[in-house]
Structures are given as structure tokens and as C-alpha cells.
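K.L.:
Numbering (the numbering used here), first residue to last: 627 to 999.
In C-alpha cells:
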């Protein structure tokens, strides 16, 4: 190979590496804010010091009998006051801990070091999450890694972090996610630039990005949009969502997840552990929902039951678009409906009384799901 060709290949390789580094390290405003607040967000609020300390304070104050744990939609989808009422306990006895983008290692660290490790013993632990998140052993974003670190003791915990190592496929998934962030920033710039060129802000000065976004959000507010046209656009959205950050075949198998460890930890500390797979929004095309490979849910149920826990598949609960804020999070009406059905499912499956592990996990029966309105 000639020197000229070697130089050309080296130049191309250097350019490729530079592009990869630029994409990997790029942070938009939302990403920078997420990193800035990482390890401090609980239930959609930023704690003064750390999420772990704030959770500890709430646990000491409330001493909950029922603890609901999961990613961000565990907070929007469940209403602890409604759940407490339906289970017949005081409102403060039901508590939600929702950590954004949390997955298996976060929940194990939380229970091991913040809950049981500090002497708390809830009678019931509800793991409220999609099955994909239940299976994941690796945080997929930098803020998610930082949130995990916040939940660990100073010396770390190899049981948690030793398995939170990602293989090549999930590293590529993280790169695809970063590519999406870069693309989103470019689209935002393309959207905002004409507005900035045509209009000015206060004192005839160029508008700040916040002013531009505020004005555009006002123009494009839901009550200004013909939803019939929006629904026509859903197929376009579906095409974009086909390029997911990770695919079902990339997910760890149930026996490689933290399902067994989390369930056993709860049972050994006197808690009843119930894993709940909630319904997702009808906005999401069926093929892009909380998708796993065939037989995976059955394997997960078997592992959870063998460890002494229970699994409730509540995806069959009838929900309408009007009950969701977006593709993942329910609004107040949806939360109320889901929480009441959750309470009924817990009582039916023996998840609350009696506090004895049931031999068989049962999905929510359609009749039960429709027994109230």
C-alpha cells in the first residue's frame, strides 16, 4: 500500500473517530440539565443534596408499609393515596420512589443500601416497570450511571456494578441514542432559526432560545392543533420509532437480570415482592410497545415465583389515549384508574393480605379490570 493511500486511510479513520467522539460527548440543553441533576431526581423533583438521602429522609418520616419502586412513570402511573385507601392503610403508609431511567441495578442498590440496609422493612414492595427495564442490567445514559452511583455506598458494591457492564451491542445502542440527541438538536435549530430571523424579542434584540421555545410552544399548543391531523401523522412517528436505541434481542435473558436477586432480597427481609408490568399508551404502535422476545415473560415469571415473588401483567387493563400525557406517562385520570386496578390485582393475587407468597402468579383478569369505572 502506497504512502499516499495509507495517509488517506489514516485521515478518513481520524475523521471517523472525531465524529464518533463528537456524537458520544455531545450534550443538548436537556442532556446537560440531566447530568447536572443526576443522582438528585426523585419523583420528578430535584433533591437539595442527593436522591438517596432524600429517599432516606422520606422513609424515616413515613415508615411505609407499601413501597412502589420504578422508573419515572412509576410516579405518574401510581397514586399512593388511592392505593393506600384501597388497601385500607393510612395515606403515608404508601410511598413511591421513582428514579428516571432506572433499571435493575438501581433497584437492587436502592433496596439493599437505602431501604433494608438502613433498617426499613416495608410489608409490600411493588416493582412497577415495563419488562424491558426489568431485564436491563446496564444503565444506558450517563445520568442513569450517575444516579446509580448515588445509591451505592462509598466503597461501591460489586454485586451491583460488576454486572452493570454493557457488551458491544448495548454500547452501540448508547451511540444510537447519542446520535438521536444530536439529530434532535439539529432539528430544533432548524425549527428555531426562521423564528429568530423573522422576529425579535424584548427591546428589539434577538430572541433567546427560551423565548423562541416559549413562543413556538404557545403557537403549537394542543388546543391550537387539529388532532385529526396529528393522528394522520402517527405513521410517520412510528417510522421514526422503529429505530430504537436497543432491540429486544439485545436485552439480557431473565436469568441474567436482577429479577431473582431483588425478589430474594425483599423476601429475606420480610417483604412481599410483586412485579407489575403496566399498560402503555395507545399512542405507541403495538410492534414498538414494551416488546420482548417470545417466551421471555414466561421465563421472568418463573424466576420471580421461584424466588418467592409474584408477577402481575396489567397490560390488558383497558386504557384510552385521554388517560396518557405522552407515550409512557399517564395523567391523573389514567393514574387513578390504573392504581385502583392495581390495588384490586394485589388483593386478588394475595399481594397484600395474606402476606404469603402465592404458588402461581396470575395476570389481571379482564372481568376484574372492568369491575369499576
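C-beta atoms are modelled at their ideal positions from N, C-alpha and C, and glycine is treated no differently.
Note that the structure is a prediction, hence the values are computed from the model and not measured.
Could you tell me whether the segment 754-771 touches the segment 724-736, using the rule of 3 or more Cβ pairs below 8 Å?
P.N.:
Yes: the two stretches touch, three or more of their Cβ pairs being nearer than 8 Å.
K.L.:
State the beta-bridge partners of residue 956 as determined by DSSP.
P.N.:
950
K.L.:
The alpha helix (DSSP H) with residue 760 in it runs from where to where?
P.N.:
That run of the alpha helix (DSSP H) goes 757-761.
K.L.:
Is residue 696 closer than 8 Å to residue 770 when the C-beta atoms are compared?
P.N.:
no
K.L.:
Within the same chain, show all residues whose beta-carbon is closer than 6 Å to that of residue 955, passing over the 5 residues directly before and after it, in chain order.
P.N.:
699 and 702
K.L.:
Does DSSP put residue 966 in a helix, a strand or coil?
P.N.:
helix
K.L.:
Can you check the segment 900-950 for any alpha helix (DSSP H) of at least 4 residues that lies completely inside it and give the ranges in chain order?
P.N.:
922-932
K.L.:
How many angstroms separate the CA atom of residue 774 from the CA atom of residue 901?
P.N.:
20 Å
K.L.:
Give a yes or no on whether the C-beta atoms belonging to residue 741 and residue 685 are separated by under 8 Å.
P.N.:
yes
K.L.:
Report all residues from its chain with a CB closer than 7 Å to the CB of residue 887; omit the five preceding and five following residues, and keep chain order.
P.N.:
Closer than 7 Å at the Cβ level, and outside the excluded window around residue 887, lie 734.
K.L.:
Would you mind stating whether residue 689 and residue 916 have Cβ atoms separated by less than 8 Å?
P.N.:
no
K.L.:
Residue 707: buried (16+ other C-beta within 10 angstroms of its C-beta) or exposed?
P.N.:
Using a 10 angstroms sphere on the CB of residue 707, the tally of other CB atoms stays under 16, which defines it as exposed.
K.L.:
Any idea if residue 898 is buried or exposed, counting beta-carbon neighbours within 10 angstroms, 16 or more meaning buried?
P.N.:
buried
K.L.:
Please identify the residue among 692, 670, 737 and 739 whose C-alpha is closest to the C-alpha of residue 725.
P.N.:
670
K.L.:
DSSP on residue 741, reduced to helix/strand/coil?
P.N.:
Residue 741 sits in a helix when the DSSP states are folded into three classes.
K.L.:
Would you mind working out which of 782, 883 and 666 sits nearest residue 723, comparing C-alpha positions?
P.N.:
666
K.L.:
What does DSSP give as the partner residues of residue 721 in its beta bridges?
P.N.:
693
K.L.:
So what does residue 898 bridge to, in DSSP terms?
P.N.:
750
K.L.:
Start and end of the alpha helix (DSSP H) containing residue 730?
P.N.:
730-735
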